[in-house]
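Before any comments, here is the structure.
Chains as they are written, first to last, in full-length UniProt numbering: chain A, 1 to 394; chain B, 1 to 551.
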């Protein structure tokens, strides 16, 4: 077995361990009456042990891939997202030891699993570095920024627990709707994974010629039946579905097709779940959260912002500026990715000020933490794939 | 300034929430709260006490955290809007009209409106800069408004606070103990062991540590102010140079914006990853993607005219030779020269043969150096070619006159006059790539294209930014402040015994209450202090009791 295969197997091991860890943490929470007792249960200890094993396997994936390629494996969408998942689990482990709450693990691991699943949908081959990325700042900047984001994400994890516990799901309210919306977006990501894996297993491929926005001829290969066609497309593969509509050149119809398929699949999945369980997803998950201590969740959320904010500032802004100064001749250029890092930073700055001076604790704070995570995810997903800029490496 | 007199007799400035001497609640609002508002230790802040003059009103506006957060959110939203479409500096347009056209062509009506509203240059707009400026002012005002009273309050804090002050702390416990003095002494011991500074007075004890963490926010605000100041400095002449230049292989050219510096382009190279030249782990990716660039490099020599040399003097001395690649700019005296762009295979010279059309007999060859075309080329034996006119980037005819779009030799065209012994009058020929015109009638001779030489052109950016030290210092101070405020905690315990043997204990921290509780747990266990509760945690009591019963 060569290093690259070994690396892939280690990542799979981590994935399986996280699944097992989720189940064990679930057992710890289910078998206890409340927060303080749950941590004493054998299940909790088993859960964290398996999680740590998974994390070590994940870390070994990272190191072996690093050795194989000669650069830190954070240079494209698959690598970055996988690393982010790893750091999220690392942050969850850190907070488990700080507060001994298995609930953090129970909710962080599924999110890490979804993130890993999402990462696996992108090309996994090892790519050589383009000139702009050939710098040790790639390692320093990206890993620090991702670590900061992972720590900040913990605040969203406990924020979600806080909201699940404290929002009354029996009464109609805006909060109940939004909470269900969060659950729905998680199902959407699953929809993306299911539909991608499905068409991939079926070996679907359809090639088109099209005219790109600079007026040049180009070729594109869809891996899903084309709902939307690229600008002035013509089909090259026989017997495949013809696009339902043609898009102008500035819209990437392939991305739009993938997005639409994901949404369709996500909606079907969501309604299947609703139909079978006859409940909202939030209601299904709520029993796991009711044992949380609200004050402790609020405390963990605040603490994770306090720990994550300086790390994020250092990685995503300061190191970013130093590198930008070396590579692009200016430390700041209003590139969309830079701007969204600034937006994330401003948002958490607002979180801290609202909390300190205006007493936004508990529920308001929890909502802010969830929105903060949404901004981080937007920067990872939409800014890379939709908004074109200097950071579009994926 | 008016004062509020506390029951204890202390004169507090107006606006004080908690008596700075004994800790009793003073304001009506404060009295109505179950727990003390410890944000600035209850001290009067300027914006709450001065409300009359215009200056006060402006001050109060900027000192409001509500306003501060609103400014932050406004900048946030504006920044987000600016990423919807590419900003004008990322758009391939050289004029405003071209840019407007670009937005309309590419993004339709939305693009037209976006550009017309000025959103395509949002970050350079006056209102965006005003927002950032307001944030800067807010940072200064808030820091002074809150920082100074907090500093004074903590510096002058008293040890023996009124029982009501302790009772209104979030962590609070009270109860009877057998030997209050021994308990107090043991508590002090344990707290000292935990590196608390202990002060005792009249049967009351104040233990405190990490007060400096409270200055973190003010330090990081100072860093931000410095950072913004550094950015503002750029507007001053001489602080900031930003030029781009194209330099052809073999050329020596003055470095733009850097008087006295000259750069020679000794060669540009552009490399790709191939299956052969890289590690085999990349082979799958190279197969999938096709071609991936591996290096852009300009080998240069930097020259400088010695100081005191006459203007225009050419005796420049070699400073150094360097290979500029992406991520490794050439650095010299504060100037950074970056590899930013390139153009491969620009025409540098073209060779023609003067041929008799019918026989194809050649009278000789001439080579036109496109960077330095000659007026006349003598081929010997009475044959010569005059270059009447040269159009480096021929773009067609206008009113019968050939036009050039740019001075760059992208599509060179020439107007030649050929003189031979056979045609002593001379014949005129217009020669462009794949096109020959004979404007003044049929010629006997022609200039046949033989070969062309090409060279690469490097696109370099020259930067000098004297504001970097100020900006870097601002960033550093910000980081120090934010770490100071986030990773360290200000913790205080008050313990008080009353004459009847009761002991009160209270704790406060700027953050991380769980850790504070752990410390108090340890002290309680060691000294036998009365049990405390977290008065904020409504679910906590049952948790704790069950947690204990399980162990």
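Every residue, glycine too, gets a C-beta built ideally from N, C-alpha and C. These figures come from a predicted structure and were not determined experimentally.
Taking the alpha carbon of residue i as the point to measure from, which residue in the options has its own alpha carbon closest?
i: residue 14 of chain A; options: A:45, A:7 and A:57; result: A:57
i: residue 369 of chain A; options: A:165, A:204, A:155 and A:233; result: A:155
i: residue 338 of chain B; options: B:115, B:263, B:328 and B:345; result: B:328
i: residue 230 of chain A; options: A:250, A:31 and A:224; result: A:250
i: residue 382 of chain A; options: B:272, B:83, B:28 and B:8; result: B:83
i: residue 304 of chain A; options: A:377, A:159 and A:191; result: A:159
i: residue 148 of chain B; options: B:45, B:479 and B:477; result: B:45
i: residue 517 of chain B; options: B:538, B:492 and B:497; result: B:492
i: residue 93 of chain A; options: A:62, A:44 and A:366; result: A:44
i: residue 283 of chain B; options: A:113, A:124 and A:144; result: A:124
i: residue 468 of chain B; options: B:160, B:52, B:244 and B:336; result: B:336
i: residue 207 of chain B; options: B:107, B:253, B:386 and B:189; result: B:189
Use the C-beta contact count for residue i: other C-beta atoms within 10 angstroms, 16 or more gives buried, fewer gives exposed.
i: residue 241 of chain A; result: exposed
i: residue 181 of chain A; result: exposed
i: residue 439 of chain B; result: exposed
i: residue 79 of chain B; result: buried
i: residue 325 of chain A; result: buried
i: residue 185 of chain B; result: exposed
i: residue 64 of chain A; result: buried
i: residue 296 of chain B; result: buried
i: residue 284 of chain A; result: exposed
i: residue 273 of chain B; result: buried
i: residue 318 of chain B; result: exposed
i: residue 136 of chain A; result: exposed
i: residue 313 of chain A; result: buried
i: residue 253 of chain A; result: buried
i: residue 2 of chain A; result: exposed
i: residue 487 of chain B; result: exposed
i: residue 290 of chain A; result: exposed
i: residue 173 of chain A; result: exposed
i: residue 134 of chain A; result: buried
Is residue i helix, strand or coil when you go by DSSP?
i: residue 295 of chain A; result: helix
i: residue 323 of chain A; result: helix
i: residue 438 of chain B; result: coil
i: residue 32 of chain A; result: coil
i: residue 494 of chain B; result: strand
i: residue 499 of chain B; result: coil
i: residue 353 of chain A; result: helix
i: residue 169 of chain A; result: coil
i: residue 244 of chain B; result: strand
i: residue 248 of chain A; result: coil
i: residue 130 of chain A; result: coil
i: residue 549 of chain B; result: Because the pLDDT of residue 549 of chain B is 31, which lies under 50, any placement of that residue in the model is unreliable, and the number read from its coordinates should be weighed accordingly. The answer is helix: DSSP assigns residue 549 of chain B an H, G or I state.
i: residue 302 of chain B; result: strand
i: residue 159 of chain B; result: coil
i: residue 175 of chain B; result: strand
i: residue 58 of chain A; result: helix
i: residue 101 of chain A; result: coil
i: residue 234 of chain A; result: strand
i: residue 466 of chain B; result: coil
i: residue 227 of chain A; result: coil
i: residue 295 of chain B; result: strand
Taking Cβ-Cβ distances shorter than 8 Å, what residues in chain B pair up with residue i?
i: residue 353 of chain A; result: 65, 68, 69 and 72
i: residue 302 of chain A; result: 511
In chain A, what lies closer than 9 Å to residue i by C-beta?
i: residue 336 of chain B; result: 325, 326 and 329
For residue i, which residues in chain B fall below 7 Å Cβ to Cβ?
i: residue 4 of chain A; result: 281
Who are the neighbours of residue i on chain A, taking C-beta pairs under 7 Å?
i: residue 296 of chain B; result: 131
Whose Cβ in chain B lies nearer than 9 Å to the Cβ of residue i?
i: residue 294 of chain A; result: 537, 538 and 539
Quick one: list the residues of chain A neighbouring residue i, beta-carbon separation under 8 Å, in chain order.
i: residue 482 of chain B; result: 309, 310 and 313
Whole runs of the beta strand (DSSP E) within the stretch 504-546 of chain B, excluding any shorter than 3 residues: Runs found: 532-534.
Runs of beta strand (DSSP E) wholly within the stretch 335-420 of chain B (minimum 3 residues, chain order): Segments of the beta strand (DSSP E) lying fully in the stretch 335-420 of chain B: 335-356, 362-369, 376-380, 383-391, 394-398, 401-404 and 413-419.
4-residue-minimum alpha helix (DSSP H) runs that sit fully inside the stretch 17-93 of chain B, ordered along the chain: Taking only runs of at least 4 residues, the alpha helix (DSSP H) segments lying wholly in the stretch 17-93 of chain B are 28-32, 46-49, 54-63 and 65-81.
Every unbroken alpha helix (DSSP H) within the stretch 192-266 of chain B, with a cutoff of 4 residues, ordered by chain: List check, alpha helix (DSSP H) in window: 216-233.
Secondary structure, beta strand (DSSP E): runs of 3+ residues fully inside the stretch 89-160 of chain B: Residue ranges of uninterrupted beta strand (DSSP E) with 3 or more members are absent from the stretch 89-160 of chain B; none lies entirely inside it.
Unbroken stretches of the alpha helix (DSSP H), 4 residues or longer, contained in the stretch 135-206 of chain A: Taking only runs of at least 4 residues, the alpha helix (DSSP H) segments lying wholly in the stretch 135-206 of chain A are 136-166 and 174-201.
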